[in-house]
Structure formats: structure tokens, C-alpha cells
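Engineer:
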Ligand SMILES: [Zn+2]
Ligand SMILES: [Zn+2]
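Residue numbers (the numbering used here): 6 to 361.
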């Protein structure tokens, strides 16, 4: 399997973002991403999709949308729709109808910022997902940069500090979001986790100073979704798009916070007698036999293996790990790294489903 790095969930002036598609492509080229996925609010922008090039560098831009019911108050239930390749915002008034429409169009659906608490200081309302009775979604946005920032701004002073020092913000997905994910997994659902920027490149103003809050280029160096694909991208839009969407659909992916250190090279796999599988896959335990997990870290860090949401074992000073189990369950990996004097989330794997 080959690895590519994708940044997703970002806005342009077609909704409330401040940089054009070309601007996004330029920022992505500077950061060496393989692909970006643009998701404006309630509009599928047909046209900018394709490869953008600068010298020998190229980046693939794909376009989905972030759909929610604009008549709803508050405007909760944001859904990232990817790969449907048609306008679906017309179905926004019923989350289940929307999800069914996405599935029918062959697209992928991710509940955006499932927990997104209000911020009283900045009068930002709660935009969490609320309609939990729905079914048929591909996954959830486990780690959303903007939501995390929203939870960190306890005063105007915090905002001024983080505007100039954005590298201090990210610590990890919200614990409440992780526990919702674990609950869904425990109930037997397959739920793919992705990381999103929710990039807007908002102009911030503090007295005489104006500054772009969280420029796209900064986002692109932070929370990325790394995908494992069976063959290389070849520059053909349809071919490459299919590889990316199928990896997302299968959960052959991990979330990497690439600012402290590159997360490229992380692997989590499971090996049984008949089969070897990767993140997102299922493996069956046979009577009297076990499954061996292999974990590879890009560098030494704190690595936790979890089963059904509970830590099974922690390793502090290893780059390669093997672990045997004979018990069925949903296994996933979290990796933490020390950066700017804090313990920060670095890698969140998709689960391997060990079935009895
Ligand atoms: Zn949103
Ligand atoms: Zn958004």
C-alpha cells in the first residue's frame, strides 16, 4: 500500500472562506500535499476540480460540499458530502433524506464537527450534530481544527495570542467526539474517522492590526488525513479520484497532526493465518488462533492500543510494536507527542475490526 496526504474541509468565497480555489491550490503546492478537498457551504462548485501544477510539483483539487439546513435554528447538523459529484444541498431539510441522496449518488458522507460547543466570548453558537437517529453515513470528522480553536478561546486575549501563535492550539480531537465515535463502533457500526481543517482564512482585526487568522497554508501543515492506496496516483483525474474516494470509503486512513513532526510512514495492520489487513478492514478470529497487530511509528512516541475505546497497552519508547490478541473487538491506535511543552495528539488510526 502507498501513502498519500490529503487535507480536507475548507471554504472559499463561494461560501464564507476568503481565498479562491487558485489560492488554495498554491498553498497546497507549497506544503507538498497530494490532494485537497474543498467543501463550501451548501454549494457544489463544479469546475475547479483537477490537477494544479508548479514546476515539477502537482496537487489534485477535489470538490465536495458541506451541507446543512439553513432554515434550521440553530443551524446544526453539518454534513461533509464528498464524491457525489452533484448538488445535494436541496435535500438539506432532512438529514436522513440527505444521507440517502448521497448514498444514491455514490458519494461519501461525514458528520462534520460532531461536537462543536458554543463560544460565549465570540458569540459563536453550538454547531454540533444533533440528529443521531440517522444511519448510512460513511464516517465522522473526528478532529476539526476550527472547532478545537473555538474551544480554546476563553477571552479576547487568548484570541490575540493564538492568532500570532497558531502552533499552540492543537492538542487532539475533543474527548466527547472520541467517545461518541467509540460508542458507535461498540454498537457494531463501521465509522470512518477523518481529520478536517475547516479552513476559512478569516481576516482578523485587532485595533490597527489586521492579520489572516489561520491561513490555508498553515492548516495544510497541520491536521491531515493520510490515505493508503493500492497503486500510485497517475495524474488522471478520474483514476486518482477513485483511488482517493475508495480509500476514504474503506477507512484505509489515519489522521496525522503533521506540524510537530511528519506522521508519514505510520502503519497499523493485523495478521491472521489466512489474511493480513489494514486500518478500516475486518479480520476474523478462528477457534484457537489469534491475531497479531503490527504498529509502526515514524519516530519514537507514546503509543496506545485501544480495544472498544479502552486502552489495552501503552508503549513509550518504541518505533515498531507487535501485539497478539485472541479476543474480538474494535482495535485502534492513538499516538501522542511532546511539542511546545505539551503532550499533543499526533496520530489517530482508523480501527481494525476483529470479529469472532
Ligand atoms: Zn460546519
Ligand atoms: Zn466548514
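Backbone N, C-alpha and C define an ideal beta-carbon position, used for all residues, glycine too.
One question on the structure: do residue 324 and residue 304 come within less than 8 Å of each other, judged by their Cβ atoms?
Structural biologist: In this structure, residue 304 lies closer than 8 Å to residue 324 by Cβ.
Engineer: Which whole runs of the beta strand (DSSP E) in the region 239-288 are 3 residues long or more, in chain order?
Structural biologist: Segments of the beta strand (DSSP E) lying fully in the region 239-288: 258-262, 272-276 and 281-283.
Engineer: If you follow the beta strand (DSSP E) that residue 46 is part of, which residue opens it and which one closes it?
Structural biologist: Where residue 46 is concerned, the enclosing beta strand (DSSP E) stretches over 40-46.
Engineer: Let me make sure I understand the geometry here. Which of 139, 172 and 120 has the alpha-carbon closest to that of residue 180?
Structural biologist: Taking only the C-alpha atoms, the option nearest residue 180 is 120.
Engineer: Taking the straight line between their C-alpha atoms, what separation do you get for residue 58 and residue 30?
Structural biologist: Each residue's alpha carbon lies about 9 Å from the other.
Engineer: Could you pull the start and end residues of the alpha helix (DSSP H) that residue 304 belongs to?
Structural biologist: Premise fails: residue 304 lies in the beta strand (DSSP E), 296-312, not in any alpha helix (DSSP H).
Engineer: Which runs of the alpha helix (DSSP H) spanning at least 4 residues fall entirely within the region 109-192, listed in chain order?
Structural biologist: Listed in chain order, the complete alpha helix (DSSP H) runs (minimum 4 residues) inside the region 109-192 are 150-157, 161-169 and 180-191.
Engineer: Is residue 26 closer than 8 Å to residue 146 when the C-beta atoms are compared?
Structural biologist: No.
Engineer: Is it the case that the CB of residue 26 approaches a heavy atom of ligand 2 more closely than 7 Å?
Structural biologist: It does not: the Cβ of residue 26 is nowhere closer than 7 Å to a heavy atom of ligand 2.
Engineer: Rounding to the nearest angstrom, what Cα-Cα distance links residue 11 and residue 38 in this structure?
Structural biologist: Approximately 6 Å, taken between the alpha carbons.
Engineer: Go ahead and pull the three-state DSSP assignment for residue 36.
Structural biologist: Three-state DSSP puts residue 36 in a helix.
Engineer: Whole angstroms is fine: what's the gap from residue 228's alpha carbon to residue 241's?
Structural biologist: Distance between the alpha carbons of residue 228 and residue 241: 26 Å.
Engineer: If we ignore side chains and look at the alpha-carbon of each, how far apart do residue 133 and residue 231 end up?
Structural biologist: Taking the straight line from one Cα to the other gives about 25 Å.
Engineer: Return the residue from the list 233, 16 and 256 that minimises the CA-CA distance to residue 271.
Structural biologist: It is 233 whose Cα lies nearest to the Cα of residue 271.
Engineer: Does any heavy atom of ligand 1 sit closer than 7 Å to the C-beta of residue 21?
Structural biologist: Residue 21 Cβ: outside cutoff for every heavy atom of ligand 1.
Engineer: When the distance is taken between beta carbons, is residue 302 closer than 8 Å to residue 340?
Structural biologist: Yes, these two residues count as a Cβ contact at 8 Å.
Engineer: If we ignore side chains and look at the alpha-carbon of each, how far apart do residue 143 and residue 251 end up?
Structural biologist: The alpha-carbon atoms of residue 143 and residue 251 are separated by roughly 11 Å.
Engineer: Since residue 69 and residue 55 are thought to touch, with beta carbons under 8 Å apart, how far apart are those beta carbons, to the nearest angstrom?
Structural biologist: The pair is not a contact, with the Cβ atoms about 15 Å apart (cut-off 8 Å).
Engineer: Quick test of the definition: if touching needs 3 or more C-beta pairs under 8 Å, does the region 167-175 touch the region 198-205?
Structural biologist: No: fewer than three Cβ pairs fall under 8 Å.
Engineer: Rounded to a whole number of angstroms, what is the C-alpha to C-alpha distance between residue 77 and residue 296?
Structural biologist: The alpha-carbon atoms of residue 77 and residue 296 are separated by roughly 47 Å.
Engineer: What span of residues does the alpha helix (DSSP H) with residue 225 cover, start to end?
Structural biologist: Per DSSP, residue 225 belongs to the alpha helix (DSSP H) from 221-225.
Engineer: State the start and end residues of the unbroken beta strand (DSSP E) segment that holds residue 12.
Structural biologist: Note, residue 12: beta strand (DSSP E), 7-13.
Engineer: Return the chain-ordered list of same chain residues with a C-beta closer than 8 Å to the C-beta of residue 7, the five sequence neighbours on each side being excluded.
Structural biologist: Result list for residue 7: 233, 234, 235, 236 and 237, in chain order.
Engineer: Would you call the CB atoms of residue 359 and residue 330 closer than 8 Å?
Structural biologist: Taking 8 Å as the Cβ cut-off, residue 359 and residue 330 qualify as a contacting pair.
Engineer: Is any heavy atom in ligand 2 found nearer than 7 Å to the beta carbon of residue 14?
Structural biologist: Under cutoff, so the answer is yes.
Engineer: So the beta strand (DSSP E) residue 321 belongs to, where does it begin and stop?
Structural biologist: Looking at the DSSP string, the run of the beta strand (DSSP E) that includes residue 321 is 315-330.
Engineer: May I ask you to check if the CB of residue 71 is nearer than 7 Å to at least one heavy atom of ligand 2?
Structural biologist: Yes, Cβ of residue 71 sits closer than 7 Å to a heavy atom of ligand 2.
Engineer: Give the DSSP bridge partners of residue 204, in chain order.
Structural biologist: Answer by DSSP bridge pairing, in chain order: 15.
Engineer: Return the chain-ordered list of same chain residues with a C-beta closer than 7 Å to the C-beta of residue 3, the five sequence neighbours on each side being excluded.
Structural biologist: What is shown of the chain runs 6 to 361, which leaves residue 3 out entirely.
Engineer: Smallest Cα separation from residue 262: which of 163, 316, 19 and 148?
Structural biologist: It is 148.
Engineer: Is residue 131 near ligand 2, going by C-beta to nearest heavy atom under 7 Å?
Structural biologist: Checking the Cβ of residue 131 against ligand 2 gives no.
Engineer: Between the region 97-105 and the region 122-130, are three or more C-beta pairs nearer than 8 Å?
Structural biologist: Too few Cβ pairs lie closer than 8 Å, so no.
Engineer: Would the C-beta of residue 203 count as close to ligand 1, meaning under 7 Å from any of its heavy atoms?
Structural biologist: Under cutoff, so the answer is yes.
Engineer: Let me check you understand the geometry: is the CB of residue 117 closer than 7 Å to at least one non-hydrogen atom of ligand 1?
Structural biologist: Result yes, Cβ under 7 Å from ligand 1.
Engineer: Given this structure, state the Cα-to-Cα distance separating residue 361 from residue 327, to the nearest angstrom.
Structural biologist: Approximately 20 Å between the Cα atoms of the pair.
Engineer: Here's the rule: buried if 16 or more other CB atoms are within 10 angstroms of the residue's CB, otherwise exposed. What is residue 345?
Structural biologist: Under this definition residue 345 is an exposed residue.
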